[in-house]
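Novice: Got a structure for you, questions after.
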Amino acid sequence: MVKTAINQFALAAAVASALGLAASPAFAAEDGKEKCYGVAKAGENDCANAAGTHNCSGSSTANYDGQDWKYAAKGTCEKMGGKLEAFKGMGKPAKSS
20 MVKTAINQFA
30 LAAAVASALG
40 LAASPAFAAE
50 DGKEKCYGVA
60 KAGENDCANA
70 AGTHNCSGSS
80 TANYDGQDWK
90 YAAKGTCEKM
100 GGKLEAFKGM
110 GKPAKSS
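In terms of this note's numbering, the sequence shown opens at residue 20 and continues consecutively.
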């Protein structure tokens, strides 16, 4: 009986944690931000990359990798030279005027 209650609690905690992680990107979108691929410099990405080769912010190893992203203000990604979806290859950041 006690073992069943502990297992149910562990399952509930895991589900709650997963739901919390799944909701995180929605909060960023509510804050007026979007993922912008191909604009992060090495070591300046915001989270895991699309390729799954790393899962932490600051772990990118190449400038402007199309698999790495960082948050940008909504509507500014493409102006910066980035894309809203991951892509193969390297991005070409917009030149400053």
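All residues carry an ideal CB built from backbone N, CA and C; glycine is no exception.
If you draw a straight line from the alpha carbon of Ser76 to that of Asp87, how long is it in whole angstroms?
Specialist: For the purposes of this step, residue 76 is taken as the residue at position 57 of the sequence shown. For the purposes of this step, residue 87 is taken as the residue at position 68 of the sequence shown. Distance between the alpha carbons of Ser76 and Asp87 is about 10 Å.
Novice: To the nearest angstrom, report how far apart Ala67 and Ala61 are at their CA atoms.
Specialist: As a working mapping, residue 67 is identified with position 48 in the sequence shown. As a working mapping, residue 61 is identified with position 42 in the sequence shown. Approximately 13 Å, taken between the alpha carbons.
Novice: Which same chain residues, not among the five before or five after Lys93, have their C-beta less than 7 Å away from its C-beta?
Specialist: Translated into positions along the sequence shown, residue 93 becomes position 74. Within the same chain, Lys93 has close Cβ partners Gly51, Lys52, Glu53.
Novice: Please go through the same chain and pick out, in chain order, the residues whose beta-carbon is closer than 8 Å to the beta-carbon of Leu103, but skip the five residues on each side of it.
Specialist: As a first step, residue 103 is located in the sequence shown; it is residue number 84 there, counting from the start. Excluding positions up to five away in sequence, the list reads Glu53, Lys54, Cys55, Tyr56, Cys96, Glu97.
Novice: For Lys52, does the three-state DSSP call read helix, strand or coil?
Specialist: In the sequence shown, counting from the first residue as 1, residue 52 sits at position 33. If DSSP states are grouped into helix, strand and coil, Lys52 belongs with the strands.
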